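Residue numbers for the sequence shown follow this note's numbering, so the first one is 1 and each next one is one higher.
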Amino acid sequence: TVKETDFVQIKAEAIDLDGDNIIYYYSPPLNENGEWQTGYDDAGEYDLELTASDGVNQVTQIVKLIVENRNQAPYLAENKLSSKETQTIDLKKLIVDPDEDPLDYNFDSPFDNNGVWNTGYDDEGTYTIDVMFSDGEFNSKGRIEVTVLKTNQPPVILELFEEDKIVNAKEGKDLEFFVDTLDSDDDGLTITWNYDGEVISERSSGDFYLDYNQKGDHTLKLVITDGITEVIKEWTIKVEGTNRKPQLVILPINVNEGETVYLDLPDVDLDGDELVYSFESPLNDEGEWTTDYEDAGSYELKITVSDGEFIDTDYVEIEVANVDQSPILKLPEELRVYEDETLSYTFD
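Rendered as structure tokens:
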């Protein structure tokens, strides 16, 4: 029985009754001389074969070699370590015990008793840390140089125009937005507001007019970047439709006597609402008027339109031009007169 790292030397002795020369053979891990320099990790049991031969006959005997474990001192695998701000550093990972024995530790601040330090922003620098560790037999100590590299701090949003993810708005109104930001590294910040994928502003505040085609859901996206890190916020803009008052736009109309006046008016308004009209006489319910030869003159007729909610009123100017008519000769069906009388008649 030996311990790891011991030098093993086995010398076999045999007697040959014939006085013959004896040759000895040793099985591995022994060398040809029966020697073996054990090392760490060689612990175990070995059945060694020792053979003696006189050149004709041979004899073999088994020897059991027991190599017991020898405790190894724990050690530092590395004495330098680098990390970034906000990362967690665990120094125990640098301490190795070949026998995997449980260890007791003692670390310098800012590391805790478990050798852990949760670094934060502003911890950039190089730190020399003394550490002691023991497996119960060996007491070891070491020094580790820890370098904490600067980590870019992302932009911070201090205040927003809306914290909720859903924003209610109306057609015909301005959507107002703003953001208040801070960058602890004093990096220049780039701010971009996107509405349905299109850039509408590159300032910290602004407004966007919601026209009358905006009814429905839209996406407002805010992107803030310091050139390294992006901070993104998104909102769903629910735009409520706004009913617009119908508006009458009627151009003056010029016709001749005997012609028909037609008003070409839309059936629906800009919101798609059906329109209902009422007309002042002599316009009929369809907005038409067939003039006569006695209608020459200027007219201003009232027209009213409704979309079911709002009403608008306007006047149409109609100029009916006089038309010169051919004279009409009116004669009686017959004229009677006696002979020797004078026929006299006045034409209208």
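Ideal Cβ positions, reconstructed from N, Cα and C, are used throughout, including at glycine. Note that the structure is predicted; figures quoted are calculated from it, not measured.
| request: Check whether the stretch 167-179 touches the stretch 220-233, counting contact only when three or more Cβ pairs, one atom from each stretch, lie closer than 8 angstroms. | output: Using a Cβ-Cβ distance cut-off of 8 angstroms, the stretch 167-179 and the stretch 220-233 are in contact, since at least three pairs of beta carbons, one from each stretch, lie closer than that value.
| field | CB-CB length for glutamate 68 against alanine 43, believed under 8 angstroms | value | Taking 8 angstroms as the upper bound for CB-CB distance, glutamate 68 and alanine 43 are in contact here, some 6 angstroms apart.
| Smallest Cα separation from glycine 120: which of Gln153, Leu335 and Leu265? | Its Cα nearest to that of glycine 120, the residue Gln153 stands out among Gln153, Leu335 and Leu265.
| query | Which whole-angstrom value is the C-beta distance of isoleucine 95 and phenylalanine 133, which I expect to be below 8 angstroms? | reply | About 5 angstroms separates the two Cβ atoms, so the contact holds.
| task | Below 8 angstroms on the Cβ atoms is my guess for aspartate 183 versus proline 155; work out the distance and round it to an integer in Å. | result | Sure, about 5 angstroms apart at Cβ, within 8 angstroms.
| request: Going by CA-CA distance only, name the one from Asn213, Glu280, Thr147 and Trp193 that's closest to serine 82. | output: Cα-wise, what sits closest to serine 82 is Thr147.
| request: Could you check what DSSP says for lysine 150 in three-state terms: helix, strand or coil? | output: Correct three-state label for lysine 150: coil.
| task | Kindly identify the DSSP beta-bridge partner or partners of isoleucine 129. | result | According to the DSSP secondary-structure assignment, isoleucine 129 is paired through a beta bridge with Ile144.
| Are the beta-carbon atoms of phenylalanine 138 and alanine 73 separated by less than 7 angstroms? | A contact, by the Cβ cut-off of 7 angstroms.
| request: Over the uninterrupted beta strand (DSSP E) stretch that includes serine 298, give me the two end residues. | output: 297-306 is the extent of the beta strand (DSSP E) around serine 298.
| request: May I ask you to report which of helix, strand or coil DSSP gives lysine 245? | output: When DSSP states are grouped into helix, strand and coil, lysine 245 belongs to the coil group.
| task | Please list, in chain order, all residues of the same chain as lysine 84 whose beta carbon is under 6 angstroms from its beta carbon, the five residues on each side excluded. | result | When the five nearest sequence neighbours on each side are left out, the beta carbons in the same chain lying within less than 6 angstroms of the beta carbon of lysine 84 are those of Leu149 and Thr151, in order along the chain.
| Assigned secondary structure, leucine 94 (DSSP; H/G/I helix, E/B strand, else coil) | The three-state reading of DSSP puts leucine 94 in helix, counting H, G and I together.
| field | Cross-strand partners of asparagine 194 (DSSP beta bridge) | value | Under DSSP, asparagine 194 shares a beta bridge with Val199 and Lys221.
| request: Give the range of the beta strand (DSSP E) segment to which tyrosine 46 is assigned. | output: Taken as a continuous stretch (DSSP letters only), the beta strand (DSSP E) holding tyrosine 46 covers 44-53.
| field | 7 angstroms Cβ cutoff met for leucine 210 and valine 249 | value | It is not a contact, given that the beta carbons lie outside the stated cut-off.
| query | Can you find at least 3 beta carbon pairs, one from the stretch 245-261 and one from the stretch 301-320, that sit closer than 8 angstroms? | reply | Yes, the stretch 245-261 is in contact with the stretch 301-320.
| query | Straight-line CA distance for glutamate 280 to serine 344? | reply | Glutamate 280 and serine 344: Cα-Cα distance of roughly 51 angstroms.
| Going by C-alpha distance, which of Asp20, Leu220, Asn21 and Ile62 is nearest proline 28? | Selected option, being the one with the closest Cα: Ile62.
| message | Given this structure, state the Cα-to-Cα distance separating tryptophan 193 from serine 205, to the nearest angstrom. | response | Cα to Cα, the separation comes out at about 9 angstroms.
| task | For tyrosine 315, I'd like the list of residues in its chain whose CB is within less than 6 angstroms of its CB, leaving aside the five on either flank, ordered along the chain. | result | These residues qualify, in order along the chain: Glu300 and Lys302.
| query | Among residues of its own chain, excluding the 5 on either side of asparagine 106, which ones have a beta-carbon nearer than 8 angstroms to its beta-carbon? | reply | Answer for asparagine 106: Asn113, Val131, Met132 and Phe133, listed in chain order.
| task | Tell me whether the beta-carbon of aspartate 307 lies closer than 7 angstroms to the beta-carbon of aspartate 285. | result | Cβ distance not < 7 angstroms, so aspartate 307 and aspartate 285 don't count as in contact.
| Using the rule of at least 16 other Cβ atoms within 10 Å of the residue's Cβ for burial, across every protein chain shown, is tyrosine 262 buried or exposed? | Exposed, because fewer than 16 other Cβ atoms sit within 10 Å of the Cβ of tyrosine 262.
| field | Helix, strand or coil at glutamine 325 [DSSP, three-state] | value | Of the three classes helix, strand and coil, the one that applies to glutamine 325 here is coil, per DSSP.
| In terms of DSSP beta bridges, what is tyrosine 262 paired with? | Beta-bridge pairing by DSSP links tyrosine 262 to Glu288.
| Unbroken beta strand (DSSP E) run spanning valine 7, endpoints | In the sequence on display, residue 7 carries phenylalanine and not valine. Judged by DSSP secondary structure, phenylalanine 7 falls within the beta strand (DSSP E) whose first and last residues are 7-9.
| task | Leaving aside the five residues before and after alanine 321 along the sequence, list all residues of the same chain whose C-beta is less than 8 angstroms from its C-beta, in chain order. | result | Cβ neighbours of alanine 321 beyond the five flanking positions: Asn254, Val255, Asn256, Glu257 and Ala296.
| message | Please tell me whether lysine 141 and glycine 115 are closer than 7 angstroms, where the distance is taken between their beta carbons. | response | No.
| query | What are the boundary residues of the beta strand (DSSP E) that glutamate 163 is part of? | reply | Judged by DSSP secondary structure, glutamate 163 falls outside any beta strand (DSSP E); it is assigned neither H nor E.
| field | is_contact[histidine 218, chain D] using C-beta, thresh 7 angstroms | value | The displayed structure is made up of one protein chain only, and chain D is not part of it.
| task | With distances taken Cα to Cα, identify the nearest neighbour of leucine 189 among Gly216, Leu222, Ile166 and Asp226. | result | Comparing Cα-Cα distances from leucine 189 to each of Gly216, Leu222, Ile166 and Asp226, the minimum goes to Asp226.
| query | Considering only the beta carbon of each residue, do threonine 60 and glutamate 4 sit closer than 7 angstroms? | reply | No, Cβ-Cβ distance for threonine 60 and glutamate 4 is not below 7 angstroms.
| field | Cβ pair alanine 169, leucine 160 closer than 7 angstroms | value | No, Cβ-Cβ distance for alanine 169 and leucine 160 is not below 7 angstroms.
| How far does the beta strand (DSSP E) with valine 63 in it reach, from first residue to last? | Element bounds for valine 63: 58-68.
| said: Short of 6 angstroms in beta carbon distance, which residues of its chain neighbour isoleucine 228, apart from the five on each side in sequence? Order them along the chain. | reply: The answer, listed in chain order, is Asn152.
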